[in-house]
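Numbers 895 to 1013, taken from this note's numbering, label the letters of the sequence shown in order.
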Amino acid sequence: MKKTVVLGASENPARYSNMATQRLRANGHPVVAIGNREGKIGDVNIIKEHPAMDDVDTVTLYLNPANQQPYYDYILSLKPKRVIFNPGTENEELETMVEAQGGKTMEACTLVLLSTGQY
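If you want it as structure tokens, here you go:
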């Protein structure tokens, strides 16, 4: 199972971050949901803090590039094996920084990766 940080998590069930969090949990992945408001998605608490973590496999982004900038240092501090840039979150600057520290980047949809068994 791949420990995943959902960045841009929302309680709104119509948001893709919410759907992805639910689908990740349904597939047994441990999830840390970080949003700008505290809340809950199923059994996952949405937190506003940026806790230090080990063994982060994936960060999946649901923030547009301008809103990603304040998180650059945090994302890099997690040393994720990969960062998924969901549609609308593509960011060449952050992709370069992640790859420079040995992480992989993907411009892909987490929901599609999960539904096709490629996650």
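Just so it is clear, CB atoms sit at the ideal spot from N, CA and C, and this is done for glycine as well.
Top-ranked residue by Cα proximity to residue i, from the options
{"i": "proline 959", "options": "Asn939, Leu988, Gly936 and Tyr910", "result": "Leu988"}
{"i": "threonine 999", "options": "Leu1005, Asp951, Asn961 and Thr1010", "result": "Asp951"}
{"i": "methionine 947", "options": "Leu957, Tyr968, Arg919 and Leu1008", "result": "Tyr968"}
{"i": "glutamine 963", "options": "Pro945, Asp949, Lys975 and Met991", "result": "Met991"}
{"i": "threonine 954", "options": "Pro907, Arg931 and Glu984", "result": "Glu984"}
{"i": "arginine 931", "options": "Lys896, Leu1005 and Glu905", "result": "Glu905"}
Assigned exposure category for residue i - 16 Cβ within 10 Å defines buried
{"i": "glycine 982", "result": "exposed"}
{"i": "asparagine 912", "result": "buried"}
{"i": "glycine 929", "result": "buried"}
{"i": "threonine 898", "result": "buried"}
{"i": "glycine 997", "result": "buried"}
Contact set for residue i: own chain, Cβ-Cβ below 7 Å, skip 5 residues either direction
{"i": "cysteine 1003", "result": "Asn980 and Pro981"}
{"i": "arginine 919", "result": "Val925, Gly936, Asp937 and Val938"}
{"i": "glutamate 993", "result": "Thr999"}
Cβ-based neighbour list, residue i, same chain, cut-off 8 Å, excluding 5 preceding and 5 following
{"i": "threonine 915", "result": "Val900, Ala903, Val925, Ala927, Ile935, Gly936 and Val938"}
{"i": "glutamine 995", "result": "Leu970 and Lys973"}
{"i": "tyrosine 965", "result": "Leu901, His944 and Leu957"}
{"i": "proline 907", "result": "Met913"}
Beta-carbon contacts of residue i that lie in its chain and below 6 Å, excluding the five residues immediately before and after
{"i": "tyrosine 1013", "result": "Leu1007"}
- Within the segment 942–985, note down every full alpha helix (DSSP H) run reaching 4 residues or more, in order along the chain. 959–962 and 966–972
- On the three-pair Cβ rule with 8 Å, is the segment 939–946 touching the segment 918–925? no
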